[in-house]
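Here's the structure we're looking at; comments come further down.
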Amino acid sequence: MVPRPEMARWVEKLQSEGRYTFARQEAQVKTGRGFVAAQSALRRLKRQGRIVSPKRGFYVVVPPEYRAAGSPPASWFIDDLMRHIGQPYYVGLLSAAAIHGAAHQQPMVFQVVTGKP
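Throughout, the working numbering is defined as the position within the sequence shown, counted from one, plus 1290.
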């Protein structure tokens, strides 16, 4: 049986490797937990503000410097999220302009353009 804080250690290990996203299935396999145990551990980490879940079954690690904001910038995880749900997309409008240095102001939201789901 895996010790209870194993999920938290695994999430810290991901972050130390420069990864900020993972799927629930990956967490189950890497920690050796079943569905219910993994869900409980992930729920506990969400309550602590250490991870967020923008989509069911997909999680984003929240580094300490972004815990007050609630999540890291969307640009850190949007590609992994859209790949996870299998939806083609592109960063558009003011967000794309800001990335390319062509925006006069920093956009307040991260804009993504995609087709119909």
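For glycine and all other residues, C-beta sits at the position ideal for the given N, C-alpha and C.
DSSP state of residue i mapped onto helix, strand, coil
| i | result |
| --- | --- |
| P1354 | helix |
| E1307 | coil |
| E1361 | A small fix is needed here, since residue 1361 is Ser in this sequence, not Glu. Coil at S1361, not helix or strand. |
| V1319 | helix |
| H1394 | coil |
| Q1329 | helix |
| V1399 | coil |
| R1373 | helix |
Counterpart residues of residue i in DSSP-defined beta bridges
| i | result |
| --- | --- |
| F1348 | A1313, K1345 |
| T1404 | Y1379 |
8 Å contact criterion, which residue i and residue j should meet: CB distance rounded
| i | j | result |
| --- | --- | --- |
| G1339 | R1314 | In fact, because the Cβ distance is near 18 Å, the residues do not count as touching under 8 Å. |
| Q1305 | V1351 | 5 Å |
| G1405 | P1378 | 7 Å |
Local Cβ density within 10 Å of residue i, reported as buried at 16 or more and exposed below that
| i | result |
| --- | --- |
| V1326 | exposed |
| P1363 | exposed |
| I1341 | buried |
| M1297 | buried |
| S1365 | exposed |
| Y1380 | exposed |
| R1323 | buried |
| P1293 | Confidence is the limiting factor: at P1293 the pLDDT is only 45, short of 50, which leaves the residue's position unreliable, though a coordinate-based value still follows. Label assigned to P1293: exposed. |
| M1291 | Because the pLDDT at M1291 is just 43, under 50, the model does not fix this residue reliably, and the point stays unresolved. |
| V1319 | exposed |
Top-ranked residue by Cα proximity to residue i, from the options
| i | options | result |
| --- | --- | --- |
| A1386 | S1330, Q1401, G1308 | Q1401 |
| D1370 | E1302, K1320, K1303, F1312 | F1312 |
| S1361 | E1307, R1373, P1344, G1308 | P1344 |
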